[in-house]
Structures are given as structure tokens and as C-alpha cells.
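Novice:
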Amino acid sequence: MLIIDCPYCGRRPEIEFTHGGEAHLVRPPQPAELSDQDWAAFLYMRSNTKGIYAERWRHARGCGQFFNALRDTTTDHFLSTYKSGTPRPVVNTTPSEEGHS
Amino acid sequence: MVSSMARLAPLVTTSEWMRALPFATRLILQGDAAARTAAAAVWGVSFSQIACRALSQGSRATLWLGPEEYLLLDMSDESASVATLEHAIGNIPHALVDISHRQIAIEISGPFAERILNGGCPLDLDLSAFPIGMCTRTVLAKAEIVLWRNRADAFHVEVWRSFTGYVAGLLREIAREYYPV
Ligand SMILES: [Zn+2]
Numbered sequence: 006m007l008i009i010d011c012p013y014c015g016r017r018p019e020i021e022f023t024h025g026g027e028a029h030l031v032r033p034p035q036p037a038e039l040s041d042q043d044w045a046a047f048l049y050m051r052s053n054t055k056g057i058y059a060e061r062w063r064h065a066r067g068c069g070q071f072f073n074a075l076r077d078t079t080t081d082h083f084l085s086t087y088k089s090g091t092p093r094p095v096v097n098t099t100p101s102e103e104g105h106s
Numbered sequence: 067m068v069s070s071m072a073r074l075a076p077l078v079t080t081s082e083w084m085r086a087l088p089f090a091t092r093l094i095l096q097g098d099a100a101a102r103t104a105a106a107a108v109w110g111v112s113f114s115q116i117a118c119r120a121l122s123q124g125s126r127a128t129l130w131l132g133p134e135e136y137l138l139l140d141m142s143d144e145s146a147s148v149a150t151l152e153h154a155i156g157n158i159p160h161a162l163v164d165i166s167h168r169q170i171a172i173e174i175s176g177p178f179a180e181r182i183l184n185g186g187c188p189l190d191l192d193l194s195a196f197p198i199g200m201c202t203r204t205v206l207a208k209a210e211i212v213l214w215r216n217r218a219d220a221f222h223v224e225v226w227r228s229f230t231g232y233v234a235g236l237l238r239e240i241a242r243e244y245y246p247v
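So the sequences go chain by chain: G and F. Taking the working numbering, the leading residue of the first sequence gets 6, the next gets one more, and so forth. Taking the working numbering, the leading residue of the second sequence gets 67, the next gets one more, and so forth.
1. Can you confirm whether F:Val205, when its beta carbon is compared against all beta carbons of chain G, has any partner nearer than 8 Å?
2. With a threshold of 8 Å between beta-carbons, can F:Thr230 be considered close to chain G, or not?
3. Which of the three DSSP states, helix, strand or coil, is assigned to G:His29?
4. Quick one: which chain F residues come within Cβ less than 8 Å of G:Gln70?
5. Could you tell me the alpha carbon to alpha carbon distance between F:Leu139 and G:Glu21, rounded to whole angstroms?
6. What's the C-alpha gap between F:Gly176 and G:Asn53?
7. Do three or more CB pairs link the segment 181 to 192 of chain F to the segment 160 to 169 of chain F at distances below 8 Å?
8. Output, in sequence order along the chain, the residues in the segment 9 to 24 of chain G whose CB is closer than 8 Å to any CB in chain F.
9. Where DSSP assigns a beta bridge to F:Gln169, which residues make up the other side?
10. Return the CA-CA distance between F:Gly97 and F:Ile155, expressed in angstroms with no decimal places.
11. In this structure, what does DSSP give as the bridge partners for F:Ile174?
12. Kindly list the residues whose CB is nearer than 7 Å to the CB of F:Val111, restricted to its own chain and excluding five residues on each side of it in sequence; keep chain order.
13. Among G:Asp77, G:Phe71, G:Lys55, whose alpha-carbon lies nearest the alpha-carbon of G:Trp62?
14. So which residues touch the region around ligand 1, with touch meaning a C-beta under 7 Å from any heavy atom?
15. Check whether the Cβ atoms of F:Ala86 and F:Ile172 sit closer than 8 Å, and answer yes or no.
16. Pull out every residue of the segment 189 to 204 of chain F whose Cβ sits closer than 8 Å to any Cβ of chain G, in chain order.
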């Protein structure tokens with residue numbers, strides 16, 4: 006089973022977590038001032054990166070908190086997890102020997 | 067809790083390794099450190115700053131469930147006063163919810179307690195990884211539980227009431243390996 010490192014609780018099994026979509030999306034402060042196209046882009050368009058992707062996760066059956074994770078979408082390897090509101094960490098992109106840690 | 071509300075005993079058959087614990091008062095407190103300090107003064111138990119740790123004093127306990135979410139238990143009293151806590155916390159922003167009837171508690175004990183729980187729970191329950199006093203919300207097969215190790219060989223398991231039959235039945239099946247019928 007995949008082990009995910011919750012920034013609050015530590016290393017926990019995957020089945021305690023739920024996925025929350027792409028991270029670092031900033032909601033426009035005045036949505037009414039946006040064009041329909043820009044608003045639709047905020048709502049629906051995602052980078053859907055093949056490779057290292059920053060995404061939100063929630064420790065739903067643990068502490069209940071949302072946090073962010075860097076995951077390689079080709080290998081499912083989690084490179085880093087960090088609290089919401091903190092910047093995306095810079096990570097070594099060489100695949101780790103640890104693999105599915 | 068309102069004592070006139072009739073409560074049915076949970077569907078747990080008592081055995082040498084499993085028993086239902088008595089009805090208790092359960093509260094969920096969400097709030098910051100100021101709210102917790104005010105609550106601790108009347109609840110009589112302080113709140114762990116460390117994640118996944120419970121503190122207890124007599125029949126009362128506080129269990130860390132999240133950074134701002136704690137489960138308060140009084141295992142001896144079915145009607146510990148919510149009003150007293152509300153009064154103590156006063157205007158400090160918080161949420162205090164009585165969930166006494168939502169959950170029941172089961173104790174799993176004995177030399178095989180870890181292995182029986184691991185039949186449905188993927189956490190590392192070795193004493194070095196899950197020491198006495200550790201508590202957490204987690205899963206047991208398809209049910210959400212709160213697991214609290216209060217002795218080396220005993221776990222307090224909080225189960226949502228409608229899952230009691232499922233959880234107790236599953237644990238009974240798992241335990242046949244260690245306690246042949
Ligand atoms: Zn967590």
C-alpha cells in the first residue's frame with residue numbers, strides 16, 4: 006500500500022486520504038470582473054502535468070486537514086508533502102531509490 | 067445527555083478479548099489554544115499539543131484528532147455537563163458538539179489485540195510505533211474508527227453506532243485465528 010506523509014500525523018496508509026485536485030490555484034478576488042472565458046479557465050482548466058505535479062490531498066480519515074503534495078504522476082511516487090499556504094518546495098527530480106515511499 | 071432517551075445495548079458479544087465499554091459522554095471541541103485552555107479548566111484534563119496523543123485523568127480524557135479538533139470523553143458519566151463547558155469557553159470562537167449517542171466504545175485487549183486490529187487496520191500497531199497514549203482517527207476495513215491505546219495490551223476503539231455490528235463481527239472473524247472456537 007502507498008504510504009503518504011501527512012504534515013500533521015506522519016506516514017500513514019493511502020486509504021486514509023482523499024485527493025483534492027491541483028494545488029496552488031488562486032481564486033480571483035473579483036470573479037464578477039472576469040470574462041466568461043477567464044472564469045471558465047479558473048474553474049475547469051488544469052495543467053494535468055505528466056511528471057511532477059503539485060496537488061491537494063486531505064487526510065480525511067485522520068486529522069481531517071488539507072495539505073499539498075508533489076507527486077510524480079508517471080510513477081505515483083510522492084516526492085514531498087507540505088502544509089497548505091506554504092510555497093511549493095524545490096525537489097531533486099532524480100527518481101528516488103526509495104520508490105513508492 | 068437526556069437520560070429519558072432509551073439506549074439499546076450495542077451488538078457486541080463479550081469475550082476474553084473484546085467487550086463493550088459503558089455508555090459515556092463524548093464531545094467534539096474545535097477551537098484554538100485559548101478555547102482549549104478554558105475547557106481544560108473545567109474538564110480537568112489538559113489537551114495534548116503533540117499530534118495523535120491522548121491525555122487522561124480518572125474517567126476523563128481528551129484525544130487529539132486534528133490540529134484544532136479534540137474528542138472529550140467521560141467514561142463514567144453519561145451526562146457530563148455541556149453547559150458547564152460552554153459557560154467556561156464563553157465568547158472564545160469554538161464549536162462544541164455533543165456526540166455521545168453517535169458512537170460506542172469497544173475495548174480490544176490481550177496478547178493478540180494488535181494482530182486482531184491489524185486484520186482490518188493498516189497502521190503499524192507495534193508498541194514502538196503506536197505507544198501507550200497514542201490515539202488517532204483511522205479506518206478498520208470499511209468503517210471509520212478512533213483508536214486509542216490506553217495500555218500496552220489494550221485499545222479503546224470508538225465506533226459509529228450503526229457500524230458496531232459490522233466492526234464487532236469482523237473482529238470476531240479475525241480473532242478466530244487466535245481464539246479458535
Ligand atoms: Zn493527518
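No residue lacks a Cβ here, since even glycine has one placed at the ideal position from N, Cα and C.
Specialist: Well, looking at it:
1. yes
2. no
3. coil
4. Gly132, Pro133
5. 24 Å
6. 49 Å
7. no
8. Tyr13, Cys14, Gly15, Arg17, Pro18, Ile20, Glu21
9. F:Trp226
10. 10 Å
11. F:Met84, F:Phe221
12. Leu121, Ser122, Gln123, Arg126, Ala127, Thr128
13. G:Phe71
14. G:Cys11, G:Tyr13, G:Cys14, G:Arg17, G:His64, G:Gly67, G:Cys68, G:Gln70
15. yes
16. Leu189, Thr202, Arg203, Thr204
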